[in-house]
Structures are given as structure tokens and as C-alpha cells.
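Student: Heads up: the protein sequence lines correspond to chains W and C, in order. Each residue of the first sequence is one higher than the one before, counting from 419 in this note's numbering. Each residue of the second sequence is one higher than the one before, counting from 419 in this note's numbering.
2 protein chains.
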Amino acid sequence: MSDYSRLALNSATTKKWTLPEVVDGCVRAGIPAIGPWRDIVADHGLAESAQLIRDAGLRVSSLCRGGFLTAADAEGQAAALADNRAAIEEAVALGTTELFLVVGGLAPGEKDVIAARQRVADRLKDLVPFAVEHGVRLVLEPLHPMYAADRALISTLGQSLDLAAPYDPAAVGVAVDTFHVWWDPDLKAQIERAGREQRIASYQICDFNLPIAADALLSRGMMGDGVIDFATIGSWVRDAGYTGDIEVEIFNQQIWDADGHEVLATVKERYAELVLPFA
Amino acid sequence: MSDYSRLALNSATTKKWTLPEVVDGCVRAGIPAIGPWRDIVADHGLAESAQLIRDAGLRVSSLCRGGFLTAADAEGQAAALADNRAAIEEAVALGTTELFLVVGGLAPGEKDVIAARQRVADRLKDLVPFAVEHGVRLVLEPLHPMYAADRALISTLGQSLDLAAPYDPAAVGVAVDTFHVWWDPDLKAQIERAGREQRIASYQICDFNLPIAADALLSRGMMGDGVIDFATIGSWVRDAGYTGDIEVEIFNQQIWDADGHEVLATVKERYAELVLPFA
Chain W
419 MSDYSRLALN SATTKKWTLP EVVDGCVRAG IPAIGPWRDI VADHGLAESA QLIRDAGLRV
479 SSLCRGGFLT AADAEGQAAA LADNRAAIEE AVALGTTELF LVVGGLAPGE KDVIAARQRV
539 ADRLKDLVPF AVEHGVRLVL EPLHPMYAAD RALISTLGQS LDLAAPYDPA AVGVAVDTFH
599 VWWDPDLKAQ IERAGREQRI ASYQICDFNL PIAADALLSR GMMGDGVIDF ATIGSWVRDA
659 GYTGDIEVEI FNQQIWDADG HEVLATVKER YAELVLPFA
Chain C
419 MSDYSRLALN SATTKKWTLP EVVDGCVRAG IPAIGPWRDI VADHGLAESA QLIRDAGLRV
479 SSLCRGGFLT AADAEGQAAA LADNRAAIEE AVALGTTELF LVVGGLAPGE KDVIAARQRV
539 ADRLKDLVPF AVEHGVRLVL EPLHPMYAAD RALISTLGQS LDLAAPYDPA AVGVAVDTFH
599 VWWDPDLKAQ IERAGREQRI ASYQICDFNL PIAADALLSR GMMGDGVIDF ATIGSWVRDA
659 GYTGDIEVEI FNQQIWDADG HEVLATVKER YAELVLPFA
């Protein structure tokens, strides 16, 4: 019998499910933790979602997501801060300490990546005190460089750690998401560094499928279907001292079209075979 | 009157043109250099192509391409070495010192990026003496990480420079291709390093278009159509001491479908506006 005690389901994996369906699916499958996206929480109601998850005996591994901090105008910046403060409060209500941030890309028409990255650092500075007050960690997620322009100008774990460096590790952490970082020649060293600096807030898993999907966002695959070496990366994360949840997050049209319960069965199978032995 | 003396056309930009058509197009447009792909040279004949280009008074800025060095079996490795030796001889025949290498991705079924990268280093070691004998520089091209798995496990300029480090700069150089490296948080430092180490063998330009094309290989765009800041990157390349050709290489279905002469007119316009002032 495999040990699923660290397995978490990110709700994006079963995109067509409502929050109650995700909760029910996890309970039936024996998956003890969920990482919900804010939209399905909002659809069900924040207090109701928190109650439902608690009553089902599930943990909340993380909340997805805040971020998009690169607005160049005052109005956009104020809106981003308001949205991120709301996300922090939602994390508290749901009982998770981990709020993912996808930091954002270039502003419309902008080409200055250095200036846009500086705005991420500036907004992070604005947000950290509020997060600390609420006991929520802001989790910087480096995204694959193919999403640099429009989703996250933070593309490597090293860059995330540099951005986190001014803050307490309980205030700003980093995520290791296999899809986004598997290609990085400096990955081993940066995972080691993340461990030393006590910054690893989440280990997210899915595979990198080829060919890249026509909608490049949907190239995430079921573990084992793509090119990622979960044994090696998982061992690095383990050796860095990470003992938290291992969250499965897959954006993939075929998986979205499949029966959710069958998807969870496959998730468990692949987790037990490819991930757990190295966790 | 703009100075086009450093402008080079990579033949992939006008994919439907034969070598004679590319040569004719460049002559008519006043573009003084071409970077042909090996397939159109082979179609026209190697000696004939060399003669044609010479007679037209054009320079050959580079030859695309050798590489694909990651075969895991002896037969595949021997074939790769034979193909790369042929490419070196073709470069000599065409009168260019710069042979691009796209190093290759994972072997079929393989997931070990570290082992595959080691095979790149091993094959490079095999190839360098032959390249040196022929006065040809092997140009390591880091490719965007979205192509890591299937085309090039060398994803950053820093990684290329590390790989080149054991060899004389006249034997192994690196390419700066804006499309592949624009997102790299370490780009400025690595371009400076490439300059110091005298490794910049080519500066290739095109834009990074959004959304990513359904065929991810075809997301390269005309300068000015995407997100890349040619002023900043171009200034870094200039300040690193690079004074060689600036080669336009665009894989883009819409551009391939357009009239080649019109494409060259646009190339010149955008080059004069966006690239030349910082070159």
C-alpha cells in the first residue's frame, strides 16, 4: 500500500469540477490535501469552501494564485495590491499558509524586462508586511521562459531566490514546479540553495509533454507522459529537506476532458510509481 | 541612407526561395551577406553555390547547421560526427568560418538531461580538432528552453560559454540569438562575459511573437512585431565588442507565405529603425 499522505491535488488538474466535486473526488481517492484555485472557491463561497474542506478532513496545500504585479500605472498597481491582499485573506480563511504568486509579464506595449522585474520587486515589498501580519507566505513561482513575456518574468529558481532574499523565509518562499524548471542547467544548485535558505514552500509536479500544445499553456502532462526525470528532481528536493505536500497540477485539455475520478486514479498510480520512491 | 554593411539574411527567413533566389534577393535588396542552410546549398550543389555567392559579391555570414550531438548509441554518434564533419567541409567550401551547432535534445525515451549534456561535451571534444584543422569555428547556439527536450539541451548563453571554455575562441564560439535568450535574467552579464572571452561568433535577430504559434518553432517574428527590446540587447552586444554580421533569421509561416522581396524590404526597414542605431 503506497503512502499518499503527502499527495495534494491542485484543482486545475480537474478543471471542470466545482470545489465540492474536487473535495468529494479527493476524499473518495484518499488524497489528503487540495490546492484550490481562487475561482472555484469564489464560485462556492469562501466561508462555505473553508467549511467544506475542513469538514471533509482535507488539508489545503496552497492557494492559487495571486501575483500579476507588473502594472506600470498607479491604477493598475493599486488594483494588483488590492487583489493580492484579498488573496492573502482568502488563504487565511482556507487555512493555508502558502499563496502562489505568478508575478506577471510585460505591461501592454512594454519591452523593458528589467523595469518590469523591478516593479515585481517593488510590489513584493508593498505586499510582504500584509502577508506577514496574516501569517501567509508569498510563494514566488518561476515559470517556464516560454511564459516570460505574458505571465511571469521570473523564469528561474535562482531568480526567485534572489527576489525572496530580502525577506524572512516565512514571509517569502519559492515553488519548485517540475514543468517550469526541469530544463534549467543550474537546477540542482538552486534547489540546494533553496533548501539551505529554507525557502521551498511547494513542490508541484506534472510532466512536460511534446510536442508543445497548440495552446502553449496546456502542455503540462500527467507524470510519466513527458520528458521529466522525477527521480532526479524529486531526490534533489528531498535532499534539500523538503517534507511538505507534493501537489499535482496539470493543465491539459485531454485530461480536462476525461472523467475526474479516473484522472485521480492515474495521478495516484503515477505518483506511487514515479514520485513517491524519491520523496 | 542607412548602412546595411553588417546586415545578413539567414536563408530560413525566405524559406520558399532556392539558393539562387536568395542570392538574387540579397543582391537586389543591397544586403551584403547571407547565412544559408545546408539543405538549399545541397539542392543547388556545394561548388555551384559557393561560386554563385562569390560571383554575386556576397559574404557568407554563417552556415546553418551542424549539431544534434546527443545520440546515445555508437552508430548514432558516428553518424552525427560524420554529418558534422561534412558540415565543416561545406563551411570551408562556402567561405565562412562560422558553423552553427544546434546541440540536440534527449535521446528517444531518455530523461537524463545531465547525461545528454555530457554527450554534447564529449562529441564537441571529438569534433574540435577537425574544425580547427579546417579553420572553422563551431558556434554553440543556446536555444530557448521550450526546445530543450527535442532540439537543444543548451538553453542559456552561460551554459554555452561553459561548454566552450576548454577550447580556443577561434575553435568554439557562441551565438546570441535574440529569440532564444531575451528572457534570460543573466543575459547582460553573460553577453559581457562572451565579449571578454572573445566568443561571440554571431548575433542573430528576430522577435519573439505572442501568442506562441501552434507550431512552437514558428513563433519567431519580424523585428518590432513582438516583445524583444533590440535597443538594449543590441547595445550589450555592441559593448561586448561584437562588430560582425547581424543575421536575420525568422521562422514564421506568414512571412514564409509573403513575397520574398517584400520581406527583405521590411527586414531592411526594421533593421534600420530598431537595430542599426544600437549596433
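Cβ atoms here follow ideal geometry from the backbone N, Cα and C, with glycine treated the same way. These figures come from a predicted structure and were not determined experimentally.
1) Spatial neighbours of Leu512 of chain C within its chain, please: C-beta separation below 8 Å, excluding the five flanking residues on both sides.
2) Whole angstroms is fine: what's the gap from Val685 of chain W's alpha carbon to Glu665 of chain W's?
3) At a CB-CB cut-off below 7 Å, which residues of chain C make contact with Ile668 of chain W?
4) Answer with buried or exposed for Ile532 of chain C, where buried requires no fewer than 16 other C-beta atoms within 10 angstroms of its C-beta.
5) Taking a contact to mean a Cβ-Cβ separation below 8 Å, would you say Ile618 of chain C touches Tyr585 of chain C in this structure?
6) By how many angstroms is the C-alpha of Thr596 of chain C removed from the C-alpha of Ala607 of chain C?
7) For chain W, is any of its Cβ atoms less than 8 Å away from the one on Ile630 of chain C?
8) What's the call for Ala497 of chain W, buried or exposed, on a 16-neighbour Cβ count within 10 Å?
9) Whether or not the stretch 675-683 of chain W and the stretch 642-656 of chain W are in contact is what I'm after, with contact meaning three or more pairs of Cβ atoms, one per stretch, closer than 8 Å; do they touch?
10) Suppose you measure from the CA of Thr515 of chain C to the CA of Val546 of chain C; what does that come to, to the nearest Å?
11) According to DSSP, simplified to helix, strand and coil, what is Gly523 of chain C?
12) For Gly642 of chain C, which option in C:Pro629, C:Ala649, C:Asp625 and C:Ala632 has the closest C-alpha, if you only look at C-alpha atoms?
13) For Trp654 of chain W, decide whether its Cβ has a neighbour in chain C, counting only Cβ atoms nearer than 8 Å.
14) Determine whether the Cβ of Ile609 of chain C lies closer than 8 Å to any Cβ atom of chain W.
15) Name the chain C residues that come within less than 7 Å of Ile646 of chain W, Cβ to Cβ?
16) Strictly by DSSP, which residues pair up with Asn428 of chain C?
17) Residues in the stretch 594-608 of chain W with C-beta within 7 Å of chain C's C-beta atoms, listed in sequence order?
18) Beta carbons nearer than 7 Å to chain C: which residues of the stretch 558-573 of chain W have them?
19) Tell me whether the beta-carbon of Tyr621 of chain W lies closer than 8 Å to the beta-carbon of Gly662 of chain W.
20) Are the CB atoms of Phe669 of chain C and Leu636 of chain C within a distance shorter than 8 Å?
21) Does DSSP classify Ile646 of chain W as helix, strand or coil?
22) If you follow the beta strand (DSSP E) that Cys482 of chain W is in, where does it begin and where does it stop?
23) Assign Gln671 of chain W to one of three DSSP states: helix, strand, or coil.
24) Taking the C-alpha atoms as reference points, what is the distance between Ala658 of chain W and Ala451 of chain W?
25) With 8 Å set as the bound, which would you pick, yes or no: does the beta-carbon of Phe696 of chain W sit closer than that to a beta-carbon of chain C?
Tutor: Let me lay it out:
1) Stepping through the second sequence from its first residue, residue 512 of chain C is reached at position 94. Pro454, Val459, Leu464, Ser467, Ala468, Ile471, Val478 and Leu481, listed in sequence order.
2) What you label residue 685 of chain W is simply residue 267 of the first sequence in a count that begins at 1. What you label residue 665 of chain W is simply residue 247 of the first sequence in a count that begins at 1. When rounded, the distance between both Cα atoms is 10 Å.
3) Translated into positions along the first sequence, residue 668 of chain W becomes position 250. Under the 7 Å cutoff, chain C gives no residues; its nearest Cβ is about 17 Å from Ile668 of chain W.
4) Against the second sequence, residue 532 of chain C aligns to sequence position 114. With a 10 Å radius around the Cβ and a threshold of 16 neighbouring Cβ atoms, Ile532 of chain C comes out exposed.
5) Indexing the second sequence from 1 puts residue 618 of chain C at position 200. Indexing the second sequence from 1 puts residue 585 of chain C at position 167. No, Cβ-Cβ distance for Ile618 of chain C and Tyr585 of chain C is not below 8 Å.
6) Looking up residue 607 of chain C in the second sequence gives position 189. Looking up residue 596 of chain C in the second sequence gives position 178. Near 15 Å, if we compare the C-alpha coordinates of Thr596 of chain C and Ala607 of chain C.
7) Taking the second sequence and counting its residues from 1, the one referred to as residue 630 of chain C is at position 212. Chain W, which has a Cβ nearer than 8 Å to the Cβ of Ile630 of chain C, makes this yes.
8) Here residue 497 of chain W is taken as the residue at index 79 of the first sequence, counted from 1. With fewer than 16 other Cβ atoms within 10 Å, it is exposed.
9) Look at the beta carbons and you see the stretch 642-656 of chain W not touching the stretch 675-683 of chain W: under three pairs across the two are nearer than 8 Å.
10) Taking the first residue of the second sequence as position 1, residue 515 of chain C is located at position 97. Taking the first residue of the second sequence as position 1, residue 546 of chain C is located at position 128. Linking Thr515 of chain C to Val546 of chain C through their CA atoms gives a straight-line distance of about 13 Å.
11) As a working mapping, residue 523 of chain C is identified with position 105 in the second sequence. Note: Gly523 of chain C maps to coil in three-state DSSP.
12) Taking the first residue of the second sequence as 1, we reach residue 642 of chain C at position 224. The residue with the shortest Cα to Cα distance from Gly642 of chain C is C:Asp625.
13) If you number the first sequence from 1, residue 654 of chain W lands on position 236. Chain C places no beta carbon closer than 8 Å to that of Trp654 of chain W, leaving this residue out of the contacts.
14) Stepping through the second sequence from its first residue, residue 609 of chain C is reached at position 191. Cβ-Cβ to chain W under 8 Å: no for Ile609 of chain C.
15) Within the first sequence, the letter at position 228 stands for residue 646 of chain W. Neighbours of Ile646 of chain W in chain C, taken as residues at a C-beta separation under 7 Å, are given in chain order as Lys529.
16) The residue given as residue 428 of chain C occupies position 10 in the second sequence. In the DSSP output, where bridge partners are listed per residue, Asn428 of chain C has C:Gly453.
17) Across the stretch 594-608 of chain W, CB contacts with chain C closer than 7 Å involve Trp601 and Pro603, in sequence order along the chain.
18) The residues in question are His562, Pro563, Met564, Ala566, Ala567, Asp568 and Ser573.
19) Taking the first residue of the first sequence as position 1, residue 621 of chain W is located at position 203. Taking the first residue of the first sequence as position 1, residue 662 of chain W is located at position 244. Closer than 8 Å, so yes.
20) Along the second sequence, read from residue 1 onward, the residue named residue 636 of chain C stands at position 218. Along the second sequence, read from residue 1 onward, the residue named residue 669 of chain C stands at position 251. In this structure, Phe669 of chain C lies closer than 8 Å to Leu636 of chain C by Cβ.
21) Numbered from 1 along the first sequence, position 228 holds the residue referred to as residue 646 of chain W. In this structure, Ile646 of chain W counts as coil in the three-state DSSP scheme.
22) Here residue 482 of chain W is taken as the residue at index 64 of the first sequence, counted from 1. It spans Leu481 to Gly485 - the beta strand (DSSP E) in which Cys482 of chain W sits, taken as one unbroken run.
23) For the purposes of this step, residue 671 of chain W is identified with residue 253 of the first sequence, where counting begins at 1. Helix, per DSSP.
24) Here residue 658 of chain W refers to the residue found at position 240 of the first sequence. Here residue 451 of chain W refers to the residue found at position 33 of the first sequence. Their Cα atoms are separated by approximately 22 Å.
25) Here residue 696 of chain W refers to the residue found at position 278 of the first sequence. No - not a single Cβ of chain C is within 8 Å of the one on Phe696 of chain W.
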